[in-house]
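A.B. asks: Just dropping this structure here.
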Amino acid sequence: MMSLVRAGLIRGIACVVIALGGGSLVACAANTVASETVVPETGYLLGPEDVLKISVWRDEHLTQETVVRPDGMITFPLIGEVTAAGRTTEDLRSEIARRLVKFIPTPNVTVTVLKVLSYRIYVLGRVNKPGEYMVGHQTDVLQALSLAGGLTPYASENDIKIMRRGGVDQQVFHFRYGDMRQGKDLKQNMLLQRGDVVMVP
């Protein structure tokens, strides 16, 4: 997971509407969102709200902090709009450098992630600390449950669901925590994706 340095904590109430078959479920929980300064793992894909520092060696006017917009774009001097979401920092760095060549000979560009604010999951239901969590892109279900303080005594440990929305469709994956504790079916401990909801009934 990410190396995390806690900079602050915001608490509120999070309500998530989850489509289930023909109806919907509204789940409300204490919202725990940490403001983090992070060093993301190699291969991390940028997302909206991530905070970046883009530097061009020996050109202070082109060194700036920027936030990936909701549409996944950033704006950079001289070259204008650049797609950032869904790319690694190296991929983004390469494109910026390539486009700057028209204005600067052999530009030396670096792209650093200052804050990861786009990789959020939700752990709701019968856990000790339900809410919204900012995590790394290598976070699995067991790690998410651990972040949420584990299951409460009355949780249905073998009826946990992971809900993932992709466009208009929603996938539901089943997770049997009791089996995992006994060393059974370990492959069900899947890696979570942005926006996944772990529901513990």
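Heads up: the sequence shown is residues -6 to 194, going by our numbering. By construction, the Cβ of each residue, glycine as well, lies at the ideal position given by its N, Cα and C atoms. Please read these numbers as outputs of a predicted model, since none were measured by experiment.
By the DSSP assignment, the beta strand (DSSP E) with Glu58 in it spans what residues?
C.D. replies: As a first step, residue 58 is located in the sequence shown; it is residue number 65 there, counting from the start. It spans Gln57 to Val60 - the beta strand (DSSP E) in which Glu58 sits, taken as one unbroken run.
A.B. asks: Under the three-state reduction of DSSP, which class applies to Gly79: helix, strand or coil?
C.D. replies: Residue 79 sits at position 86 when you count from the first residue of the sequence shown. Gly79 falls in the coil class under three-state DSSP.
A.B. asks: Does the separation of the CB atoms of Ile89 and Val75 fall below 8 Å?
C.D. replies: The count along the sequence shown starts at 1 and reaches residue 89 at position 96. The count along the sequence shown starts at 1 and reaches residue 75 at position 82. A contact, by the Cβ cut-off of 8 Å.
A.B. asks: Assuming Leu110 contacts Met127 (C-beta within less than 8 Å), just tell me the rounded distance between them.
C.D. replies: If you number the sequence shown from 1, residue 110 lands on position 117. If you number the sequence shown from 1, residue 127 lands on position 134. About 7 Å separates the two Cβ atoms, so the contact holds.
A.B. asks: Going by DSSP, what residues sit across from Tyr126 in a beta bridge?
C.D. replies: If you number the sequence shown from 1, residue 126 lands on position 133. Paired residues: Ile114.
A.B. asks: Cα-Cα, which of Ser139, Arg113, Ser48 and Arg169 is closest to Lys180?
C.D. replies: Taking the first residue of the sequence shown as 1, we reach residue 180 at position 187. Per the Cα distances, Arg169.
A.B. asks: Using only the alpha-carbon positions, how far apart do Phe166 and Asp152 sit?
C.D. replies: To locate residue 166, count along the sequence shown from 1; it is residue 173. To locate residue 152, count along the sequence shown from 1; it is residue 159. Each residue's alpha carbon lies about 10 Å from the other.
A.B. asks: So, helix, strand or coil for Arg187, using DSSP?
C.D. replies: Taking the first residue of the sequence shown as position 1, residue 187 is located at position 194. Three-state result, Arg187: coil.
A.B. asks: Among Val44, Met156 and Arg174, which residue has its Cα nearest to the Cα of Leu135?
C.D. replies: Mapped onto the sequence shown, residue 135 falls at position 142. With distances taken between Cα atoms, Leu135 lies closest to Arg174.
A.B. asks: Assess contact between the segment 32 to 52 and the segment 75 to 85, defined as three or more Cβ pairs (one per stretch) separated by less than 8 Å. Is contact present?
C.D. replies: Yes, the segment 32 to 52 is in contact with the segment 75 to 85.
A.B. asks: Kindly list the residues whose CB is nearer than 7 Å to the CB of Glu150, restricted to its own chain and excluding five residues on each side of it in sequence; keep chain order.
C.D. replies: Counting from 1 along the sequence shown, the entry for residue 150 is found at position 157. Only Leu144, Tyr170 and Gly171 meet the Cβ criterion.
A.B. asks: By DSSP's criteria, Ile155 is part of a beta bridge. Which residues make up the other side?
C.D. replies: The residue labelled residue 155 in the question sits at position 162 within the sequence shown. Looking at the DSSP assignment, Ile155 forms a beta bridge with Phe166 and Val191.
A.B. asks: Please classify Glu53: does DSSP put it in a helix, a strand, or coil?
C.D. replies: On the sequence shown, residue 53 is found 60 positions in, with the first residue counted as 1. If DSSP states are grouped into helix, strand and coil, Glu53 belongs with the helices.
A.B. asks: If you compare alpha carbons, which of Val44, Thr56 and Ser48 is closest to Met66?
C.D. replies: Taking the first residue of the sequence shown as 1, we reach residue 66 at position 73. When each option's Cα is compared against that of Met66, the closest is Val44.
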